Structure formats: C-alpha cells, structure tokens
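Visitor: Starting off with a structure, shown below.
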Amino acid sequence: MSLTVNDLKPTIALRGLTRRFGETTAVQPTDLDVRAGMVTGLLGPNGSGKSTLMRMMTGLVRPDAGSVLIAGTRLRGEGTAVRRLVTYAPGEIGVYGELRGRDHLRWFLRGRAEDALARSVDIAEQLGLPLSKKVRTYSHGMKRQLIFSAALAPEVPVRILDEPTEGLDPSKRGQVLDLLSEDAERGTTILLSSHHLQEVDHACKRLVFLNRGAIVADEDAAALQKRAMSLVKLRFREGLDFDGLETALVALDQGSIRRTGRTFDLVLHGDDPRPFLAALASSDTPAPEVIEYGSPSLHDLYRELYGVEGV
Amino acid sequence: MLRFLRHAILPAFAFFFVLELMLVGAIEFWPDFRENIAGIRIFTQFKVLRGLVGLLKEGELPGYIVFQHFFKGSLLGVTVSVMFAVNAVAGEAHRGTLEILLARPLSRTRILMERYLLGALQIVIPLALTTWTIPYLLMERWDEEIALYPLMLGSVHMSCMYLAIHGTTFFLSTIGRHPIRIAIGMFFFCVLQFAVYLMMDATQYSLVQLVDPLLFIDLFTTEQLNWNICGGLLGYTALTVAMSIFAFRRRLP
Numbered sequence: 076m077s078l079t080v081n082d083l084k085p086t087i088a089l090r091g092l093t094r095r096f097g098e099t100t101a102v103q104p105t106d107l108d109v110r111a112g113m114v115t116g117l118l119g120p121n122g123s124g125k126s127t128l129m130r131m132m133t134g135l136v137r138p139d140a141g142s143v144l145i146a147g148t149r150l151r152g153e154g155t156a157v158r159r160l161v162t163y164a165p166g167e168i169g170v171y172g173e174l175r176g177r178d179h180l181r182w183f184l185r186g187r188a189e190d191a192l193a194r195s196v197d198i199a200e201q202l203g204l205p206l207s208k209k210v211r212t213y214s215h216g217m218k219r220q221l222i223f224s225a226a227l228a229p230e231v232p233v234r235i236l237d238e239p240t241e242g243l244d245p246s247k248r249g250q251v252l253d254l255l256s257e258d259a260e261r262g263t264t265i266l267l268s269s270h271h272l273q274e275v276d277h278a279c280k281r282l283v284f285l286n287r288g289a290i291v292a293d294e295d296a297a298a299l300q301k302r303a304m305s306l307v308k309l310r311f312r313e314g315l316d317f318d319g320l321e322t323a324l325v326a327l328d329q330g331s332i333r334r335t336g337r338t339f340d341l342v343l344h345g346d347d348p349r350p351f352l353a354a355l356a357s358s359d360t361p362a363p364e365v366i367e368y369g370s371p372s373l374h375d376l377y378r379e380l381y382g383v384e385g386v
Numbered sequence: 710m711l712r713f714l715r716h717a718i719l720p721a722f723a724f725f726f727v728l729e730l731m732l733v734g735a736i737e738f739w740p741d742f743r744e745n746i747a748g749i750r751i752f753t754q755f756k757v758l759r760g761l762v763g764l765l766k767e768g769e770l771p772g773y774i775v776f777q778h779f780f781k782g783s784l785l786g787v788t789v790s791v792m793f794a795v796n797a798v799a800g801e802a803h804r805g806t807l808e809i810l811l812a813r814p815l816s817r818t819r820i821l822m823e824r825y826l827l828g829a830l831q832i833v834i835p836l837a838l839t840t841w842t843i844p845y846l847l848m849e850r851w852d853e854e855i856a857l858y859p860l861m862l863g864s865v866h867m868s869c870m871y872l873a874i875h876g877t878t879f880f881l882s883t884i885g886r887h888p889i890r891i892a893i894g895m896f897f898f899c900v901l902q903f904a905v906y907l908m909m910d911a912t913q914y915s916l917v918q919l920v921d922p923l924l925f926i927d928l929f930t931t932e933q934l935n936w937n938i939c940g941g942l943l944g945y946t947a948l949t950v951a952m953s954i955f956a957f958r959r960r961l962p
C-alpha cells in the first residue's frame, strides 16, 4: 500500500493548547498529532486534564492559548465548524430521562445527516438497548451506550470519546471497543480517554499519558504492552522478615525493587519475566501469595515507567 | 414532536387556559363588582389600591377589565415569565445535560435564540389570545361592548413588561447553574417591587409603575401605545438577549 501526502497529515493537530481555571492550569501547553485510521487512547488519572483537552478540541471549552486543527478545519470561536467534523461523547452522563431511547438518539443527532439516525438505531440495537423505553429506566451503562450509539453513527472523520467504556461490564466494553476498532479500520480517527489502561489497551494502537495537564508519555500500544511485562508485583503473606526479603530479592539482581508494606514492585532489566521467576523459584525466599505481571495499573505504570509520583 | 409538544405547546396552553379562566371569572362577577365598588373602596387597605379602585369607578368597564386582566393577571404573567426562562440554560446545567446540548453541531447562538423565542412566544401568544376573547365574552355574557383595539394595545404593553422579566431571568439562567435559586430571586425582586408600589410615598420608585393601570386606561382614550415605556422595555429586553448570547458563547459545559 502506498502512502499519499494526505495520509501523513495528522487529522488532529494541537499546538500549544492551554487552559487555566483561575490559578489552576488544567492543561499545560500541549502539542499532539493524531493520525487517521487508528484508535488513540488518552490516559490519565482523574483530574489529569483529559476531559478539558477533549472539550477544547470540540470547542466546548475555549482554550486560553494554542490552536486546534481537525480534518483541515481550524477551531475558531465556539467551534461549530469543527463539531460538524467530529462526534463527541462526553464523560459525564446527562440525559433527558423523559425521552424514549429512539427519540433521544434523534435529539442527539440534530444537525447531522439524515441517515445517521438509522445507523445509530442499528448500533443501539446491536448493543441490546431497549429504544422504545424511556431513558429514565436505563442503567448507567445503558445511558453510556446510548450516547456511544449516537457518537458512532454520523459519518465524520473524527470521533472524540471521553471515557466511552466507563461503567460498562466487560462484555459490553469489548463490544464497544470492537465497534470502535472496526470504525477506525474504515479510516476514522478515534481519540478516546480512560483512566483504566486495561479497559482500553486492546483497542488502542497508541497511548498518550497525561498527568497534571501535561503529556508525560506517548507510546505505541504494542511497545508499551511489551514494556509492561517488565513490571512485576509480588505480595507476600504477613509476618515475614520483609527487610531480609528485600535484601534477598535485590541479591537476585534482576531489576530495581521498591517495597510498599508487604508488596514489592520490580522493574526488570528485560521485558521477559521468566528469568526472574525462575531465579525466584530457585532461591530460598518464601513463595509470594500473589504474582502480577503484564497488567500494571495506571498508578504502577506512571510510577515505575515514567517516574511520576502521586497519580 | 412529543418533546416539542410537551415543552412548547402544553405550557403555553396551560398559561392560556388559566388566564382565560381568570378572565371568565372576572367577567362573570362584573355586575356585582360595579354595584359594590364603593364598599370595596372603603375596605381597601392601601392608599394606592384605593386610588385604583376609585379609578375603576371612573373607568367603568375598561377600568375593571384592565384591573382584572392586566393588573391582577400579572401575578400569573410574572410567574410564567420567570418559569419559561429559568430552565433555558441553568436547568440543563443543573440536570447535567448542558454538555450533550452543546456537543451537537449547532451554534450556541442558534440554540439560545431558539429557546429564547420559544419562551417569548409562550408568553405573548396566550396573552394576546385571551385579550382577544374579552369583547366576545362580555357581549355573550352581559351584552356589553368594549373596543378590541385598545385592549390589544394593552396586551402589547403588558407583553413588553413580561418580556423584560423573561429576558432578565433568561440572562440569569444563561450564567447560572441553579434554576430554583434564580426563580426565587426573581420572585423576591418582583414582590419587592410590588411592595414598593403599594407604599404611597415610594410608589414612584417601583417598576410596577411601568404597568400602572392608569397607563392602560389611557390607551382607551388615546388609542396610542406608550412608546416611551414600551420602547424602553423592549430595548432593555434586547440588551438582556444580547448579554445572554455573549455569556452563553463563553459558557463552560
């Protein structure tokens, strides 16, 4: 497959995007390019600036400085021109409970092409939503799926989804992420946010990590997954000599060690945990109660890989 | 369609229905009132109101209709002017739907103007329609005639006041998040204005003077709208709308 100049142009280009709320800098000057045809995850803990960044991209919050270019259109004023090219699903769910599901989809899609409603109904039915019922009878997860159905239906080059999987059970989460992956394969640029890496990592090809309004890391998802294998967490039972245990683990010389109570976090020299596990098994150290690797929490990832504390 | 019916037609119809009901009641008691006007005047506590009752005697039927439909009816009119505006934006913020409202590819000015115009029409049309029925009701019930044109001018004058109240509430709704607080604040302000109006020495400082029944009775003699007052009220309303647009375009979801 040959690349054209357009393929190389980012669909979303942010330059120096900044937002302050009073004394607090919600988003520090941020540059970010997102290319077409992939799902990009924006990860960070609560209050890291994900939602503000997404709201600025869609014109819902005015930036204090910087520029936003989406599918060749510059964000100006209140951003109506950009919102015609973007669908946005907010993180905070607010719906009109008195409307039936189908009517609510129609309301969401006001200002979009006529055929978007039929597609959104189709998506909602795939997700098993009872569209003839009033939205006030929906659960939190169903309301989230209703908003998602509306955000996925219009044919637009970019979708910006703030925590689309929050509150969904694992099977629904998988269904939503599969739909997003299929959409991205058709060439749509998808930027989604989450504060749980494991919720979105299998759909995202690229992961951008935010903390305190700044991008702290921007990684290819596959490379990150491989690196995540270098994080091993061991938890031992109560009553052991943890100082002695720490000395024994350091003596194995397999990586750096950090102890918190009866838990040891290890960042291994390589990304294969097997040599460490073999060394651990053949040593005299007591067997750990729990061994975790390959699925670090955002907290672990930030602390161990990016050196960011207090997440 | 259902949402439009529920949010646009039903409130306006409810306003029309209650206003018309009050009007029918007032017309039904017109002969009793005429016979007892002297007694009513004696029992009226406030000097300002006593003066108004005296005015009714002079103004006869037009005075009575003005008093009942425009002055007494303003209690309902002020209420709906506040209620039809207070939820426009603050209601959305309060229930958490402001973000999805703004996320659609529609300009904020358009969203706001649709809501403003809907509220304004919900006030103006029922008032005009009920006013229009007055000559018919009087003729049918008591075989009495009243000129429609000055009544409709009165309806326009009163609408200007309602639009000013509606515009003020609308602006507060655009910048606020708590519709109930805004509504209570507006009602308190209106009650305060009426209280000042009833105080003989301070009545000239009350905004209720802008819809004093005397002004409406003048309409029957001059058949001319008081453009100084109506123009001022409309100008003020336009200012509130402009300020609402300005604030809404900068509003955070």
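Sequence order for the protein chains is U and A.
Start counting at 1 in the first sequence, then tack on 75, and there's your number in this note's numbering.
Start counting at 1 in the second sequence, then tack on 709, and there's your number in this note's numbering.
All C-beta atoms, glycine included, are put in the ideal place defined by N, C-alpha and C.
Keep in mind it's a predicted model, so treat the numbers as computed, not measured.
Counting only beta-carbon atoms, is Arg-813 of chain A nearer than 8 Å to chain U?
Guide: Against the second sequence, residue 813 of chain A aligns to sequence position 104. True, the Cβ-Cβ gap to chain U drops below 8 Å.
Visitor: What does the Cβ neighbour count give for Met-848 of chain A, buried or exposed, with the cut at 16 atoms within 10 Å?
Guide: Against the second sequence, residue 848 of chain A aligns to sequence position 139. Under this definition Met-848 of chain A is an exposed residue.
Visitor: Do Lys-209 of chain U and Gly-172 of chain U count as a contact pair if the criterion is CB distance below 8 Å?
Guide: The sequence position of residue 172 of chain U within the first sequence is 97, counting from 1. The sequence position of residue 209 of chain U within the first sequence is 134, counting from 1. In contact: Gly-172 of chain U and Lys-209 of chain U (Cβ atoms closer than 8 Å).
Visitor: So with CB distances below 8 Å, who are the chain U contacts of Pro-962 of chain A?
Guide: On the second sequence, position 253 is the one that residue 962 of chain A refers to. Those are Arg-130, Leu-135, Val-136 and Pro-165, listed as they occur along chain U.
Visitor: Can you give me, in chain order, the residues of the stretch 347–365 of chain U that have a beta carbon less than 9 Å from any beta carbon in chain A?
Guide: none
Visitor: Taking only the alpha-carbon atoms, compute the straight-line gap between Gly-166 of chain U and Ser-126 of chain U and give it to the nearest angstrom.
Guide: Locating residue 166 of chain U in the first sequence gives position 91, counting from the first residue. Locating residue 126 of chain U in the first sequence gives position 51, counting from the first residue. Roughly 7 Å between the two C-alpha positions.
Visitor: Can you give the Cα-Cα distance for Ser-370 of chain U and Ser-305 of chain U, rounded to whole angstroms?
Guide: Stepping through the first sequence from its first residue, residue 370 of chain U is reached at position 295. Stepping through the first sequence from its first residue, residue 305 of chain U is reached at position 230. Cα to Cα, Ser-370 of chain U sits roughly 10 Å from Ser-305 of chain U.
Visitor: Mark Lys-308 of chain U as exposed unless 16 or more other C-beta atoms lie within 10 angstroms of its C-beta, in which case mark it buried.
Guide: Within the first sequence, residue 308 of chain U is the residue found at index 233, counting from 1. Classification for Lys-308 of chain U: buried.
Visitor: Please state the DSSP three-state secondary structure of Gly-91 of chain U.
Guide: Looking up residue 91 of chain U in the first sequence gives position 16. Here Gly-91 of chain U sits in strand by DSSP.
Visitor: Name, please, each residue of chain A whose Cβ falls closer than 8 Å to the Cβ of Val-170 of chain U.
Guide: The count along the first sequence starts at 1 and reaches residue 170 of chain U at position 95. Near Val-170 of chain U (Cβ distances below 8 Å), the residues of chain A are Thr-806 and Ile-809.
Visitor: Spatial neighbours of Arg-960 of chain A within its chain, please: C-beta separation below 6 Å, excluding the five flanking residues on both sides.
Guide: Counting from 1 along the second sequence, the entry for residue 960 of chain A is found at position 251. Cβ within range, chain order: n/a, list empty.
Visitor: Quick one: which chain A residues come within Cβ less than 7 Å of Phe-311 of chain U?
Guide: In the first sequence, counting from the first residue as 1, residue 311 of chain U sits at position 236. What Phe-311 of chain U touches in chain A: nothing, since even the nearest Cβ is about 45 Å away.
Visitor: Just the chain U side, please: which residues come within less than 8 Å of Arg-958 of chain A by C-beta, in chain order?
Guide: The residue you call residue 958 of chain A lines up with position 249 of the second sequence. Here the neighbours are Gly-152 and Glu-153.
Visitor: Please state the DSSP three-state secondary structure of Gly-116 of chain U.
Guide: As a first step, residue 116 of chain U must be located in the first sequence, where it is residue number 41. DSSP places Gly-116 of chain U in strand when its eight states are reduced to three.
Visitor: Within the chosen definition, does the stretch 797–809 of chain A reach the stretch 742–749 of chain A through at least 3 CB pairs nearer than 8 Å?
Guide: no
Visitor: Taking the alpha helix (DSSP H) that Thr-133 of chain U falls in, what are its first and last residues?
Guide: For this step, residue 133 of chain U is matched to residue 58 along the first sequence. Element bounds for Thr-133 of chain U: n/a, residue is neither H nor E.
Visitor: The beta strand (DSSP E) with Asn-286 of chain U in it runs from where to where?
Guide: In the first sequence, residue 286 of chain U corresponds to position 211, counting from 1. First-last of the beta strand (DSSP E) with Asn-286 of chain U: 281–286.
Visitor: Is the distance from the Cβ of Leu-118 of chain U to the Cβ of Ser-224 of chain U below 8 Å?
Guide: As a position in the first sequence, residue 118 of chain U is number 43, starting the count at 1. As a position in the first sequence, residue 224 of chain U is number 149, starting the count at 1. It is not a contact, given that the beta carbons lie outside the stated cut-off.
Visitor: Which of the residues in the stretch 813–828 of chain A, read from start to end, lie with their CB under 9 Å from any CB of chain U?
Guide: Arg-813, Pro-814, Leu-815, Ser-816, Arg-817, Thr-818 and Arg-819
Visitor: What does Gly-124 of chain U reach in chain A if we use C-beta pairs closer than 9 Å?
Guide: Here residue 124 of chain U refers to the residue found at position 49 of the first sequence. Under the 9 Å cutoff, chain A gives no residues; its nearest Cβ is about 14 Å from Gly-124 of chain U.
Visitor: Is there a C-beta anywhere in chain A that falls below 8 Å from the one on Arg-149 of chain U?
Guide: Locating residue 149 of chain U in the first sequence gives position 74, where the first residue counts as 1. So, not an interface residue.
Visitor: Grab me the residues of Thr-263 of chain U's own chain with a C-beta within less than 8 Å of its C-beta, minus the 5 sequence neighbours each way, in chain order.
Guide: Position 188 of the first sequence holds residue 263 of chain U. Excluding positions up to five away in sequence, the list reads Ala-111, Gly-112, Val-231, Pro-232, Val-233 and Arg-234.
Visitor: From this set, A:Phe-897, A:Thr-840 and A:Asp-741, which residue's C-alpha is nearest Phe-726 of chain A's C-alpha?
Guide: As a working mapping, residue 726 of chain A is identified with position 17 in the second sequence. If we check each option's Cα against that of Phe-726 of chain A, A:Thr-840 comes out closest.
Visitor: Got a sec, what are the start and stop residues for the alpha helix (DSSP H) Gly-249 of chain U sits in?
Guide: Within the first sequence, numbered from 1, the residue matching residue 249 of chain U stands at position 174. Gly-249 of chain U -> alpha helix (DSSP H) spans 245–260.
Visitor: Give the secondary structure of Glu-230 of chain U by DSSP, where H, G and I count as helix, E and B as strand, and everything else as coil.
Guide: Against the first sequence, residue 230 of chain U aligns to sequence position 155. In the structure shown, Glu-230 of chain U sits in coil (DSSP, three-state: anything other than H, G, I, E or B).
Visitor: Within 8 Å (strictly less), CB to CB, does Gly-91 of chain U reach chain B?
Guide: The structure shown has no chain B; the protein chains it does contain are U and A.
Visitor: Just to confirm, are Pro-888 of chain A and Gly-800 of chain A a CB contact at a threshold of 8 Å?
Guide: By 1-based counting over the second sequence, the position of residue 888 of chain A is 179. By 1-based counting over the second sequence, the position of residue 800 of chain A is 91. Taking 8 Å as the Cβ cut-off, Pro-888 of chain A and Gly-800 of chain A qualify as a contacting pair.
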